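So the numbering used here is basically just the index in the sequence shown, starting at one, shifted up by 717. See below for the structure under consideration.
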Amino acid sequence: MNAMRRAYLGRSATPVPRYPRPPGPARTMETGKPFLRFVTPSDVRDLKNRIDPFVRALDASTAACATLPPGVADGWKAFSKSWRSYFDEEDSWWHTAAQMDQGEAYESDVQRWQAMIAAYKCTPDAPTITPTDDAAGGPDRWSGTIKTVAIAGAVVAVALGLRAVLR
718 MNAMRRAYLG
728 RSATPVPRYP
738 RPPGPARTME
748 TGKPFLRFVT
758 PSDVRDLKNR
768 IDPFVRALDA
778 STAACATLPP
788 GVADGWKAFS
798 KSWRSYFDEE
808 DSWWHTAAQM
818 DQGEAYESDV
828 QRWQAMIAAY
838 KCTPDAPTIT
848 PTDDAAGGPD
858 RWSGTIKTVA
868 IAGAVVAVAL
878 GLRAVLR
């Protein structure tokens, strides 16, 4: 914590709670995503189109389920509304990777919602969604990055070769 933040927190009315580290060995966290990803707007649209039928099926399930508590139903309606605004958002080159990350987050959230709604004995109208291999960190998770780096290296090599020839 830097000195400026420490001074600010010292003056604030509510102190920052300090939580003890849980006992046991330290845990490591893997992000599962490569540092560089090449994602196109059509990749984002494909992911949106893959997830949307699951969201629509859950909409129908929650509307038809009488045993679903009102709080859970309201939570699903809010989630579904935010999904719809994300789904209707225009796919753009400017923030494609962020849109892809957001889509993968929605995908895992839909999986959790399916499990929660099924726990209330509501029959889902669709099979359980399975996250894409890119989000899970499958064996081919680096292939897109390697291809991108290889193409960029080839472009640089051609540019340097042309520069040497034109001198």
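Virtual Cβ for every residue (Gly too), placed ideally from N, Cα, C. Source: prediction; values computed, not measured.
- Message: What residue range does the alpha helix (DSSP H) around I834 cover?
- Response: In the sequence shown, residue 834 corresponds to position 117, counting from 1. Residues 813-836.
- Query: How long is the line joining the alpha carbons of W830 and A881, rounded to whole angstroms?
  - Reply: As a working note, residue 830 is residue 113 in the sequence shown. As a working note, residue 881 is residue 164 in the sequence shown. Across the structure, W830 and A881 are spaced so that their CA atoms are roughly 59 Å apart.
- Message: Taking a contact to mean a Cβ-Cβ separation below 8 Å, would you say Q816 touches P848 in this structure?
- Response: Indexing the sequence shown from 1 puts residue 816 at position 99. Indexing the sequence shown from 1 puts residue 848 at position 131. Contact check for Q816 against P848 fails: the beta carbons are separated by 8 Å or more.
- Item | Own chain, CB closer than 8 Å to G820, minus 5 neighbours either side, in chain order | Here residue 820 refers to the residue found at position 103 of the sequence shown. Closer than 8 Å at the Cβ level, and outside the excluded window around G820, lie V761, L764, K765, I768, Y803.
- Query: Near S797, which residues of its chain fall below 7 Å by C-beta distance, leaving aside the five closest residues on each side in sequence?
  - Reply: Mapped onto the sequence shown, residue 797 falls at position 80. These residues qualify, in order along the chain: V772, D776.
- Message: Tell me which residue opens and which closes the alpha helix (DSSP H) that A774 is part of.
- Response: If you number the sequence shown from 1, residue 774 lands on position 57. For A774, the uninterrupted alpha helix (DSSP H) run begins and ends at 758-781, by DSSP.
- Item | Backbone secondary structure at R880 - three-state DSSP | Within the sequence shown, residue 880 is the residue found at index 163, counting from 1. Under the three-state reduction of DSSP output, R880 falls in the helix class.
- State the Cα-Cα distance for the pair R801 and C839, rounded to the nearest angstrom. Within the sequence shown, the letter at position 84 stands for residue 801. Within the sequence shown, the letter at position 122 stands for residue 839. Spanning the two alpha carbons is a distance of roughly 22 Å.
- Task: Go ahead and pull the three-state DSSP assignment for W793.
- Result: Along the sequence shown, read from residue 1 onward, the residue named residue 793 stands at position 76. Looking at W793 - three-state DSSP - the assignment turns out to be helix.
- Message: What would DSSP say about F804, mapped onto helix, strand or coil?
- Response: Here residue 804 refers to the residue found at position 87 when the sequence shown is read from its first residue. Looking at F804 - three-state DSSP - the assignment turns out to be helix.
- Query: Considering only residues of the same chain and omitting the five flanking positions on each side of W793, which have a CB-CB separation below 6 Å?
  - Reply: Translated into positions along the sequence shown, residue 793 becomes position 76. Closer than 6 Å at the Cβ level, and outside the excluded window around W793, lie T779.
- Cβ-Cβ distance between L785 and I863 below 8 Å: Residue 785 sits at position 68 when you count from the first residue of the sequence shown. Residue 863 sits at position 146 when you count from the first residue of the sequence shown. Against a cut-off of 8 Å, the Cβ pair of I863 and L785 comes out as no contact.
- Task: Mark E806 as exposed unless 16 or more other C-beta atoms lie within 10 angstroms of its C-beta, in which case mark it buried.
- Result: By 1-based counting over the sequence shown, the position of residue 806 is 89. The residue in question, E806, is exposed, as its Cβ has fewer than 16 Cβ neighbours within 10 Å.
- Task: Give a yes or no on whether the C-beta atoms belonging to Y837 and C782 are separated by under 8 Å.
- Result: Numbered from its first residue, the sequence shown carries residue 837 at position 120. Numbered from its first residue, the sequence shown carries residue 782 at position 65. When the beta-carbon positions are compared, Y837 and C782 come within less than 8 Å of each other.
- Message: By the three-class DSSP mapping on this structure, what secondary structure does P844 have?
- Response: The residue you call residue 844 lines up with position 127 of the sequence shown. Three-state result, P844: coil.
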